[in-house]
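Take a look at the structure below.
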Amino acid sequence: MPNNVTSTSPARASGWLSISVAKGQQWLRRSGIGGQLFSLVIVMGIFAIGTKGKYLSWPNLQVILSLTAIPAIIAIGLHQVVVLGGIDLSVEGIVALCVVFVGFLAHNKFNSNDVGLWIVPITAGIGGLAGVINGLLNTKLKIPSFISTLGMSWVLWGLAVFVSKGQTTPLLDNPLSGFVNGYVLGIPDLALVAIVLFMAIQLIQDRTRFGRYLYAIGGDEVLASQAGVKVDRTKIIVFGIAGVFYGLSALFLAVRLDSAQAITGNNLLFPAVTAVAVGGVALTGGIGGAKNAALGALVITALNEGLILLNVNPYAQEAVNGVVLVTAVALTIDRKKLGFIK
Amino acid sequence: MLELRRITKSYPGVVALDGVDFTVYENEIVGLVGENGAGKSTLMKILIGLIQPDEGSYTLRRKLVALRDPASATRLGVGMVFQDGSLVPNLSIMENLFLCHELSFRKFGFLSKRAMQEAAYSILALVKVETDLDTPIADTTPEVRQMVEIARLLWLARLYNQRNPILILDEPTTVLTENERQTLFSILSEIKSQASIVLISHRLQEIVENSDRIVILKDGKNVTELEADRASIPDVEQMMVGRRFAADRYHEDEQVEPGDKTALRVQNLSKRGVFEPIDFSVRRGEIVSLVGLVGSGKEAVCRCITGLEKPDSGSIALGGKKLAWGSPSETVRSGIGHIPIDRRSEGLALGMTVAENVNLLVLDRFKVAGLISPSREKRNAMHWIEECRIKSPSSWTMCANLSGGNQQKTVIAKWLSSQIEFLVLDHPTRGVDVGARDEIYRLIRKLTHDGIAMIIMCDTLEEDIGLCSRMLIMKDGRLVREISCPRFKKPSPSEIIGSIV
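Chains A and B supply the protein sequences, listed in that same order. Okay, so the first sequence: first residue is 35 according to this note's numbering, each after it adds one. Okay, so the second sequence: first residue is 434 according to this note's numbering, each after it adds one.
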């Protein structure tokens with residue numbers, strides 16, 4: 035690899051992160067996550083001081099990891115749509131529907147169904163199918179993803195409430211509950227799931243043709259299709275993968291709560307979009323990968339956990355999250371690329 | 434090598450190509466020229482399989498072929514470098530080189546970065562590009578981008594085992610500087626030993642100098658074909674347009690003797706590090722041309738006048754009234770128009786109709802009881818479309834669908850219809866064909882007759898000399914020389930070039 039190792043600001047800023055080796059700097063600059071690592075360190079540093087070290091205690095770090103897992107999985111699914119240059123607002127609807135299906139099919143209090151571990155592929159499949167419908171609406175009917183996924187979210191949410199009659203279904207001794215609430219070497223299992231999914235998607239993005247297509251479409255869809263990229267197919271797959279990830283999140287959430295209700299899906303969209311933006315995925319498409327989405331989720335969870343620990347008023351916390359989202363976009367967006375702001 | 438015979442293609446209402454023959458031999462550069470609308474682009478699209486001809490035969494390497502899409506042309510070693518480029522900006526050089534053909538680098542299911550790097554270095558050496566392969570295309574110069582596209586075509590031909598690929602270059606030099614243009618042609622003449630090149634350009638000079646053979650199209654028909662070393666530019670021009678241009682190409686007999694009244698006065702204008710304090714004035718009806726190399730500061734001076742950039746000191750006054758610094762909207766309101774170099778992104782709203790663009794600045798005039806009157810709007814648009822000879826199917830045609838020359842005429846019409854007193858013309862004839870260029874010169878003269886003063890920066894020194902009444906030469910941010918260019922007593926370029934470099 036040709037080397038031009040004159041360091042620039044993000045690399046230098048994280049120099050004291052003990053990664054002062056030139057190679058590390060270069061990697062940081064190229065990777066596009068230097069700023070995110072830096073802000074993570076700042077956030078954690080401030081809270082460590084604010085809580086007199088309690089924030090950095092192992093039990094609290096375990097809490098952070100465990101709370102990060104679900105937003106991270108959702109963000110890793112969602113960010114690929116953003117890389118394509120679109121947006122996926124259907125998270126809450128897809129999760130609601132999947133959760134209701136969990137309540138219906140897993141061992142529960144109201145009926146005699148029990149699909150056992152089959153629940154994993156079933157929820158992933160329902161989520162994936164919903165995602166594929168998102169993709170078809172976007173590519174075949176040519177509806178902008180902003181509208182098609184927003185519409186899908188409400189359709190699925192309505193369906194979920196209708197099917198479940200709005201009631202909560204308690205789950206009975208789910209085979210997954212040991213896993214969902216368990217730890218391996220002190221690390222929450224769900225966090226490990228998020229890490230595995232992150233690594234898989236990152237590898238796909240870096241080292242497969244599909245990944246290359248993803249970024250080509252995000253960069254310039256017309257040019258990509260001229261070069262022979264199968265644009266529609268790639269988009270549908272990306273929406274499908276996102277749906278699968280939402281479905282898995284729905285399953286984990288239901289098992290963690292030991293009950294299934296449609297409103298489990300509420301309030302999942304905002305943290306996911308924030309994570310994607312904070313992680314440095316450009317909303318204009320073409321820039322940022324799974325590492326950005328995962329790191330973004332970690333940053334906002336670390337922030338929120340710190341605010342909770344400091345007993346900050348919950349409404350003020352929400353306001354902080356809004357400020358973080360807008361600031362992150364303001365810092366990462368490349369305005370030169372935009373002719374005008376819509 | 435490649436032979437097209439009796440190619441005919443018609444669209445509803447127009448016959449784009451009418452029995453055209455086109456041949457490409459091995460190891461040659463063939464120049465293809467013709468006015469806008471002569472059928473060059475249709476012919477090229479047929480060559481690469483983007484569209485299919487209604488009639489005619491396509492023979493490649495002695496085999497009759499029927500191309501269904503550009504991908505099948507690629508497999509046969511025929512490819513095109515488009516005018517606007519076809520590289521994806523956020524991907525790196527290497528990623529762009531192999532886009533959509535990555536699978537040949539697959540090892541154990543994943544792409545091997547090392548194999549890709551080796552192939553990339555060896556193929557880029559052919560076009561003499563030595564650069565970091567991981568640089569995103571958005572951060573590279575137009576020159577590198579072009580070379581990457583050429584390299585990509587050469588590599589694709591290799592991949593599909595095609596000897597002597599055919600590379601089609603559409604207007605490759607519009608985005609290049611003089612030096613880069615030289616480099617491009619020296620590389621092309623080297624590549625010629627292993628490929629054939631079809632060169633399309635509006636600059637007849639480079640066609641005549643660099644191609645072996647010239648094919649001329651007019652109105653969708655073959656006019657003639659000639660050996661380049663026996664072609665002269667005026668001859669080629671005549672055959673392209675079908676009439677001879679007057680020796681007075683820049684309509685010098687129409688040149689106005691400027692009045693005494695000063696239109697624009699620039700005093701002590703400066704911008705640190707870009708240009709030093711500069712003073713000049715432009716009289717009514719006068720065309721002043723700013724000449725200088727890139728980095729001489731002339732562009733920045735113009736941007737300060739149009740309000741796109743803020744100077745550090747000095748004043749700009751129009752008709753005795755001082756202008757605000759750095760505010761394009763103020764500048765337009767006080768009567769200064771600007772015809773930008775990049776009309777597609779700055780001069781026109783491409784998604785709007787011709788009429789809407791022409792009327793954009795004068796909507797207030799069409800108001801009846803506070804609302805815009807459609808009939809008045811239409812009347813104004815029709816008037817200027819006719820006046821400027823904008824060739825458009827209707828006044829409600831999208832500007833994106835017009836040719837470059839007609840787009841430029843629309844920009845000029847927009848300023849003409851709003852009563853401006855001063856106009857900054859930034860390369861007004863770039864990418865415009867000979868016929869339309871003539872009409873733009875005519876319009877420029879007409880503007881001066883109405884007393885409008887202008888600053889102009891042209892594509893060539895000849896054009897500068899021909900159009901202007903006075904020339905200001907800038908060098909390293911300073912005004913170094915002033916030359917008057919009265920009509921019929923124009924200085925020659927060689928007298929001037931010394932002051933520029």
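Think of the CB as a built atom: it goes at the ideal place given N, C-alpha and C, for glycine as much as any other residue.
Three-state class that DSSP yields for residue i in the structure shown
i       : result
L170(A) : helix
I749(B) : strand
T203(A) : strand
V227(A) : helix
K269(A) : helix
P667(B) : helix
F138(A) : helix
R875(B) : helix
T85(A)  : coil
T568(B) : coil
M186(A) : helix
G253(A) : helix
D240(A) : helix
E461(B) : coil
A294(A) : strand
CB contact check: residue i to chain B, cutoff 9 Å
i       : result
G262(A) : yes
A158(A) : no
T42(A)  : Any reading at T42(A) must be qualified, since the residue scores a pLDDT of 42, below 50, and its modelled position is unreliable; no value is offered.
G320(A) : yes
L257(A) : yes
M35(A)  : Low local confidence applies: a pLDDT of 39 at M35(A) is under 50, so the model's placement there is unreliable, and no value is given.
Between the CA atoms of residue j and residue i - distance to the nearest angstrom
i       : j       : result
P105(A) : A306(A) : 6 Å
G145(A) : F138(A) : For the record, residue 145(A) in the displayed sequence is Asn; it is not Gly. Rounded to the nearest angstrom, the two C-alpha atoms are 7 Å apart.
N347(A) : Y89(A)  : 18 Å
R494(B) : G111(A) : 49 Å
K923(B) : T573(B) : 40 Å
D148(A) : H141(A) : 4 Å
G330(A) : A364(A) : 15 Å
F455(B) : R246(A) : 37 Å
L285(A) : S198(A) : 16 Å
S927(B) : I933(B) : 10 Å
S43(A)  : F72(A)  : In this prediction, S43(A) has a pLDDT of 44, which is less than 50 and means its spatial position is unreliable; what the coordinates show is noted afterwards. Cα to Cα, the separation comes out at about 11 Å.
Q688(B) : G747(B) : 31 Å
Q700(B) : G780(B) : 28 Å
S519(B) : L257(A) : 5 Å
V272(A) : P486(B) : 37 Å
K143(A) : N208(A) : 12 Å
Residue i: contacting residues in chain A (beta-carbon distance under 8 Å)
i       : result
H543(B) : It should be noted that the sequence gives Phe, not His, for residue 543(B). Result: L237, R241 and T242.
CB contact below 9 Å: residue i versus chain A
i       : result
V521(B) : yes
A405(B) : Residue 405(B) lies beyond the residue range present for chain B, which begins at 434 and ends at 934; the question has no answer from this structure.
L536(B) : yes
R822(B) : no
G784(B) : no
R776(B) : no
K406(B) : Nothing can be reported for residue 406(B): it is not among the residues displayed for chain B, which extend from 434 to 934.
G518(B) : yes
R539(B) : yes
K546(B) : yes
Residue i: contacting residues in chain B (beta-carbon distance under 9 Å)
i       : result
A250(A) : V521, N523, L524, E528, N529, L532 and C533
Within chain B, partners of residue i - CB distance below 7 Å
i       : result
F253(A) : Before going further, note that residue 253(A) is Gly rather than Phe in the sequence given. The contacting residues are V521, P522, N523 and L524.
R246(A) : E528, L532 and E535
Within-9 Å CB hit, residue i to chain C
i       : result
V136(A) : Among the protein chains of the structure shown, namely A and B, there is no chain C.
Query raised in the report: Can you list the beta strand (DSSP E) stretches of 3 or more residues lying completely in the segment 744-806 of chain B, in chain order?
Result: Taking 3 residues as the shortest admissible run, the segment 744-806 of chain B contains the following complete beta strand (DSSP E) segments, listed from N- to C-terminal end: 746-751 and 769-772.
Query raised in the report: At which residue ranges does the segment 576-641 of chain B contain complete alpha helix (DSSP H) runs of 4 or more residues, listed in the order of the chain?
Result: Runs of the alpha helix (DSSP H) inside the segment 576-641 of chain B: 611-624.
Query raised in the report: Where are the alpha helix (DSSP H) runs, 4 residues long or more, that stay fully inside the segment 642-719 of chain B, in chain order?
Result: Runs of the alpha helix (DSSP H) inside the segment 642-719 of chain B: 666-674.
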